[in-house]
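Following the numbering used here, the numbering of the sequence shown begins with 1 at its first residue and continues without gaps. Don't be surprised by glycine CBs; every beta carbon is placed ideally from N, CA and C. Notes to accompany the following structure.
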Amino acid sequence: MPKDPYSWIENSLQTIHKAGWYRSVQTINKLPGSTVEIDGKTLINFAGNDYLGLAGHPRLIEAAINATKEYGTGTTGSRLITGHRDIHRQLELAIASLKKTQDAIVFSSGYLANIGTISALVGKRDLILSDGYNHSSLKAGATLSQATVFEYRHNDIQHLEILLNQHRENYRKCLIITDTVFSMDGDICQLPNLLNLAEKYSSMLLVDEAHGTGIFGEKGSGVVEHFGYTGHPLIQMGTLSKALGSLGGYVAGSSSLIDYLRNRAPSWIYTTGLSPADTAAALEAIHLIKEEPQRRKKLWENVEFLKYLLAEYQIKTLFQESPIFSVPVKDAETVFELGKHLKEAGILTGIIRPPTVPTSRIRITLIAPHSSEHLTELGRVLESVLNLDKT
Ligand SMILES: *Cc1c(COP(=O)(O)O)cnc(C)c1O
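Structure, rendered in structure tokens:
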């Protein structure tokens, strides 16, 4: 036995450093927006999830301040005890209205929504089929549920059907889980095929709209709306922390589903209710999404313009289906270096390394407030920095 039971931590950290997987925080000042300030230097921000530019919007800020003055900073307890306010219910009804579902339930984060919902829906005698590239919170929920979990190859419907065919009949309930917009590469799930298989094999389908809500669909309801499946029986979850510019998570679906979750989702029952400020900000964001579709339109214009620039510069990204663009890079060390060069040139991107993804990538996210100058600069700098790697 080792003398110091904590010494392994230092050793593990050294291993993380050696692999080039070490991560640390960077301090960002001022309001969120298309540019950020880091160490006194202004960078164009292509690393955030504030797709519609709402996280610093005066109306969200005002709503948060007013709610804080009216209800205080904390909700003082779980929703079922002392933590429920009328604005929680208003937010839930606004989400249900945006999604056109019977009801919705708000959790204190998207992560909590996924782990609580999945572990409430299935258990030991049940089966989960999970896309290989699913978000960490979906995977964590699957593990927590104690159901049998099989991962199907990323976006591979044939593989999913093989697994359903092989295993479905050996289990009581079955749940298929997937991101709608995959958070690292920005590609989109094959929702029509997933729904077909769910029906054929009597399985529930839970879709994670973290990067879909506010962005996809005519009304900004998400990828479900984009594919024309509004009103279809399925379980839609998402976050209030991306296009909605706040904090928190939600599940939208049938009244009985939501009522069941209020009674059975431990990460909703045993955690403190979402703060008044976050709740009111998210509610205001949903109003803005309905009132100002031009934000969503501008975001998609930016996507189209970047696609044009990438073609001009002959820069390859994995997909071009959403505001998330991912440039594959050969290894963790190189991506770290390229990220540094981009930063020196005034461009902030996501530097994504294992274990988040199997191979390294530069991840670029576009937001509505980016100007064409910002995007032109991105294209120019990206080309010159990627060429450094080739020489
Ligand atoms: C960000 C994200 C979450 C977690 O949401 P939070 O509200 O930040 O906890 C869940 N799923 C996906 C796909 C995400 O990208």
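- What you get when you keep residues with a C-beta closer than 5 Å to any heavy atom of ligand 1 is S109, G110, Y111, H135, S137, D179, S183, D208, A210, T239, S241, G249.
- Spatial neighbours of G83 in its own chain (CB-CB distance under 6 Å, excluding positions within 5 residues in sequence) are listed in chain order as T75, G77, T272, G273.
- The residue among S109, G110, A113, E92 with its C-alpha nearest the C-alpha of D103 is E92.
- For N66, the enclosing alpha helix (DSSP H) has its first and last residue at 58-71.
- Note on geometry: alpha-carbon atoms of I16 and G132 lie some 23 Å from one another.
- Around the Cβ of V25, a 10 Å sphere holds fewer than 16 other Cβ atoms; the residue is exposed.
- Secondary-structure assignment with DSSP links E218 through no beta bridge to anything.
- The DSSP assignment places 174-179 as complete runs of the beta strand (DSSP E) inside the region 154-182, in order along the chain (cut-off: 3 residues).
- The shortest C-alpha to C-alpha distance from L288 to any of Y313, D331, G214 is the one to G214.
- Per DSSP, the beta bridge partners of S130 are E151, I177.
- The beta-carbon distance between A210 and G253, rounded to whole angstroms, is 16 Å. This is too long to meet the 8 Å contact definition.
- Around the CB of L388, fewer than 16 other CB atoms lie within 10 Å, so the residue is classed as exposed.
- Inter-residue distance for Y51 and A243 is about 5 Å (C-alpha atoms, whole angstroms).
- DSSP assignment within the region 74-109 yields the following whole alpha helix (DSSP H) runs of 4 residues or more, N-terminal first: 86-99.
- Taking a 10 Å sphere around the C-beta of W268, we find 16 or more other C-beta atoms and assign the residue as buried.
- In the DSSP secondary-structure assignment, G53 is not bridged to any residue.
- Per the C-alpha coordinates, the member of H167, Y22, A63, N29 positioned closest to A282 is A63.
- Every beta strand (DSSP E) stretch that sits fully inside the region 8-39 and reaches 3 residues is listed by chain position as 35-38.
- Residues of the same chain with their beta carbon placed closer than 6 Å to that of L13 are lacking, with the five preceding and five following residues left out of the count.
- DSSP places R361 in the uninterrupted beta strand (DSSP E) bounded by 361-365.
- Between the alpha carbons of D278 and A113 lies a distance of about 15 Å.
- Taking Y250 as the centre and dropping the five residues before and after it, the same chain places the C-beta of I95, A104, I105, V106, F107, A113, M237, G238, L240 closer than 7 Å to its C-beta, in chain order.
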